[in-house]
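So the structure is just underneath, and the comments pick up after that.
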DNA sequence: GCCGTTTTCGGCCCGACTGTTTTCAGTCG
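Dropping the structure here:
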C-alpha cells in the first residue's frame with residue numbers, strides 16, 4: 003500500500019519511536035510532515051513525479067528521501083531500523099494516560115518492562131515500589147490507566163462528540179453563571195473524529211462554573227485547579243473546561259482552536275511584527291493589545307478572521323494575507339435537503355409535519371426516500387402539487403444494483419457504496435441523472451479509510467458524479483480531505499444533514515464542507531449551483 | 001529534521017497541573 007495515509011502512518015510511527023529515544027525536536031518534525039501528507043489533496047506519487055515533494059510543508063531533504071524510498075519500495079529502512087531497536091510495546095506504554103516517553107523509556111531500560119501488560123505484572127509483583135519518582139498515588143494511577151487503556155477508545159466520531167457537547171453546554175448555561183461559552187479544539191474545526199472537548203467560558207463567578215462542571219451527571223473529575231478542570235464522561239470522553247477573563251477570551255479561543263500547525267504559522271507572523279501571541283493576550287513589549295475576540299487577534303497580525311474549519315495550515319494563512327479566503331458554504335445556502343428517509347409508519351400528519359419543519363428551516367425542496375415500492379407510490383401521490391417546500395421522491399440502492407421498475411422515475415438516486423471500492427473504470431456504470439454516491443463505510447460504526455475515500459473522489463471527478471457529505475464524515479459521508487480533492491478536480495457534492503427538525507442546526511455536514519474549502523458553487527443542493 | 005522579507009545556524013510555545021522531590025520533573029494540551 004503506497005497511499006498518502008500509509009506514508010503518513012509510517013512517519014507518525016517514526017515520530018513515536020524517536021519519542022521513546024528521547025529525541026527532542028525530530029518527533030515533531032516527522033509529525034508535522036505526516037500531518038501535511040494526510041491533508042494532501044493529491045497522491046504523493048504524483049507530487050514526487052513532478053519533483054515537488056519539498057513544497058509540502060515540513061518536508062525537507064531527509065524526509066523527501068524517505069518518501070521516495072517509501073514510494074519505491076513500500077518501506078523505509080530508517081523505520082525498520084527503529085522498529086528493530088525498540089519493542090512495539092514500549093510505544094504502547096507511552097500511550098497510556100499519564101505516561102509519556104520518559105516514563106515508558108525508564109520502565110523499558112531500568113526494569114526491562116516492554117509492554118502495558120508487562121507493566122501491569124510488574125506493578126502487581128511490587129517491582130515499582132521504591133523506584134525513584136513513583137510513589138503509591140502515582141502507581142495506583144498508572145494501574146487504573148492501564149485498565150482503562152484497554153477499554154476506552156481514543157477518538158470518536160464528530161457526531162457522537164457533538165451530542166455530548168450540546169448536552170454539556172446546555173447544562174452549564176442552565177446551571178451556572180457562564181457569560182460566554184464556546185467549544186474550541188478539533189471539534190470547532192469539525193474534524194472527522196474528536197479526541198476530547200475543550201470548553202472555554204467566561205464568568206464573574208468561576209467557582210460556580212467549576213462546581214457545575216464537576217457535578218455533571220456521570221462525570222469523573224480527572225483534575226481541578228483554579229482556572230482549569232478536566233472530567234471524563236461516563237463513556238470515557240475527556241472534557242476540559244477553562245475559565246477565562248473576558249479580555250482574554252479571543253486569545254484563548256484562537257489558541258485552543260488550533261490547529262497546532264495553524265498556530266505555529268500565526269505566531270510566526272506575530273513575531274515578524276514584533277508581537278507575541280499567547281493563550282491570554284497579544285503582547286507588544288509590555289503592552290497588552292485587545293484580545294477579547296478572535297477578530298482582534300487576527301487583526302493584530304494583519305489578517306482577516308479565518309474560519310475555524312480551515313485552520314489547518316493548508317493555505318489559509320496565505321489566502322487570508324492575499325485577501326482571497328473563500329466564501330465558505332453557510333447552513334443558509336442549502337435550499338434542499340435531499341436525504342430524508344421516511345418510516346413506513348409515517349402517515350399524512352407526520353409527512354405534513356416534516357414538510358413544515360423543512361419550510362421553517364428555509365428549505366425550498368425536500369427529498370424523501372421511501373423504504374419500499376408501495377411507499378414510493380404513496381409518497382409520489384402525496385407529494386404531487388405540493389410546494390414550499392416542493393417534495394421530490396428518490397430512491398436509495400447499493401451502488402451497481404439494478405433500479406427496480408417504477409411507474410414514475412425517482413427524482414434522485416442515492417447510491418450506497420457500502421464499504422466497496424469504486425469501479426476501476428469511471429464509465430463502467432451508466433448513471434441515472436440525479437445520482438450521487440454516499441454511505442462509504444460498510445456499516446455505521448466502521449469508517450471508510452482515507453484510501454477508499456480518496457479512491458471514490460478520484461473516481462467521482464472522472465465519472466462526473468457528485469458525492470455526499472453527511473454529519474458523519476468518514477463514516478457514511480465523505481471526509482474533508484477527499485471532498486477538497488473532489489471539488490479541486492471540478493467535482494460537486496451533495497450536502498445532507500439527514501434531518502430537518504431540531505438536529506438540523508448542528509450543521510455538521512456543512513462543517514465538513516467548510517473544512518474542505520467548499521463554496522456554494524460546488525454544492526448540488528445550494529442556491530447557486532448551476533443546475534444538473 | 002525543518003526552516004529563514006531580521007538567521008544557512010540556532011531556534012523549535014509554554015503555562016497549568018500533579019505527585020513527590022524540599023525546588024522539580026513529567027505530562028498534557
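Residue numbers (the working numbering): 3 to 534.
The beta carbon of each residue, even a glycine, is placed where N, CA and C say it ideally should be.
Bear in mind that the values here come from a model prediction, so they are computed numbers and not experimental data.
Exercise for the section: Assign residue 405 to buried or exposed, taking buried as 16 or more other Cβ atoms, counted over all protein chains shown, within 10 Å of its Cβ. Expected result: exposed
Practice task
Return the bridge partner residues of residue 54 from the DSSP annotation.
Solution key: None; residue 54 has no bridge partner.
Exercise for the section: With a threshold of 7 Å, establish whether the CB of residue 363 neighbours any heavy atom of the ligand MN. Expected result: Although the ligand MN was asked about, the structure shown includes no ligands whatsoever.
Problem - Secondary structure of residue 528, DSSP reduced to three states - result: strand
Exercise for the section: Tell me residue 343's beta-bridge partners as DSSP assigns them. Expected result: 371
Handout entry: Contact check, residue 482 vs residue 514, beta carbons under 8 Å
Key = yes
Exercise for the section: Could you tell me how far apart the beta carbons of residue 512 and residue 365 are, in whole angstroms, since I believe they sit closer than 8 Å? Expected result: Residue 512 to residue 365, Cβ: 13 Å. No contact.
Exercise for the section: Would you be able to state if there are at least three C-beta pairs under 8 Å between the segment 176-187 and the segment 224-238? Expected result: no
Exercise for the section: Using the Cα positions of residue 22 and residue 111, report the straight-line distance between them to the nearest angstrom. Expected result: 11 Å
Practice task
Could you check the C-alpha separation between residue 294 and residue 128 for me, to the nearest Å?
Solution key: In this model, residue 294 and residue 128 are separated by some 52 Å (Cα to Cα).
Handout entry: Proximity winner among 267, 464 and 363, relative to residue 2 (alpha-carbon distances)
Key = Coverage of the chain is limited to positions 3 through 534, which leaves residue 2 absent and any answer about it impossible.
Handout entry: Complete alpha helix (DSSP H) runs within the segment 27-105 (minimum length 4 residues, chain order)
Key = Those alpha helix (DSSP H) runs which fall completely within the segment 27-105 and span 4+ residues are 28-40, 46-51, 63-75, 79-87 and 90-97.
Practice task
Please state if the CB of residue 476 and the CB of residue 1 are separated by a distance shorter than 8 Å.
Solution key: This structure leaves residue 1 out entirely; the chain is present only between 3 and 534.
Practice task
Express the C-alpha separation of residue 89 and residue 116 in angstroms, rounding to a whole number.
Solution key: 6 Å
Handout entry: Under the three-state DSSP convention, the category residue 534 falls into
Key = Its pLDDT being 49, under 50, residue 534 is placed unreliably by the model, and nothing is read from it.
Practice task
Assess, as a yes-or-no matter, whether the segment 251-258 is touched by the segment 296-307 under the definition of 3 or more beta carbon pairs within less than 8 Å.
Solution key: yes
Problem - Distance between residue 452 and residue 118 (C-alpha atoms, nearest Å) - result: 29 Å
Handout entry: Separation of residue 190 from residue 146, as counted between CA atoms
Key = 30 Å
Handout entry: Length of the line joining the Cα atoms of residue 526 and residue 177
Key = Straight across, the Cα-Cα distance linking residue 526 with residue 177 is about 42 Å.
Problem - 8 Å Cβ cutoff met for residue 94 and residue 65 - result: no
Exercise for the section: Could you name the residues of the same chain whose beta carbon sits closer than 7 Å to that of residue 593, not counting the 5 residues immediately before and after it, in chain order? Expected result: Because residue 593 is not part of the residues shown, which for the chain are 3 to 534, the question remains open.
Exercise for the section: Below 6 Å CB to CB, which residues in the same chain sit around residue 517 once its five sequence neighbours on both sides are set aside? Expected result: 192, 311 and 482
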